[in-house]
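As structure tokens, the structure follows; a few thoughts come after it.
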Amino acid sequence: MKITLACAGGMSTGMLVKKMEEYAASQGIAADISACGLSELEERVTGSDIILLGPQVGYQQEDVKNEYPDIPVLVIEMMDYGMMNGEKVFKMAQEIISAKSE
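For what it's worth, full-length UniProt numbering labels the leading residue of the sequence shown as 1, then goes sequentially.
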């Protein structure tokens, strides 16, 4: 499972990535989770199962969906992002990926 998080610069999502990786590891789930700035998305998105956008770039969701029509694009909830709730964000991504593969 490959999850790509994108925000304005990639810094704040980096902390959330760590929390998501910790949760995935605790559940025995192999996951490739990375963060980048929106401007770097094109270089990082290959093979991604889902793209998660930080709330600060959520307004670009439609543009990102149009750019990558075969990859689900979701905006992370502001509360989950602010609280760095890696478990909830990971589970949300996992549900979307599972639903897509059914």
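Note that the Cβ used here is the ideal one computed from N, Cα and C, for glycine as well.
- By the CB criterion at 9 Å, residue 2 and residue 47 fall inside the cutoff.
- Of the candidates 53, 44, 89, 89 places its Cα closest to the Cα of residue 21.
- Following the DSSP letters along the chain, one finds residue 96 inside the alpha helix (DSSP H) bounded by residues 86–101.
- Inter-segment contact for the segment 56–64 and the segment 5–13 is present: three or more beta-carbon pairs are separated by less than 8 Å.
- Residue 97 places its beta carbon 9 Å or farther from that of residue 73.
- Judged by DSSP secondary structure, residue 64 falls within the alpha helix (DSSP H) whose first and last residues are 61–67.
- The beta carbon of residue 49 lies closer than 6 Å to those of 1, 2, 97 in the same chain, with the five residues before and after it left out.
- Spanning the alpha carbons of residue 87 and residue 32 requires a straight line of approximately 15 Å.
- Between residue 85 and residue 19, the alpha-carbon positions lie close to 7 Å from each other.
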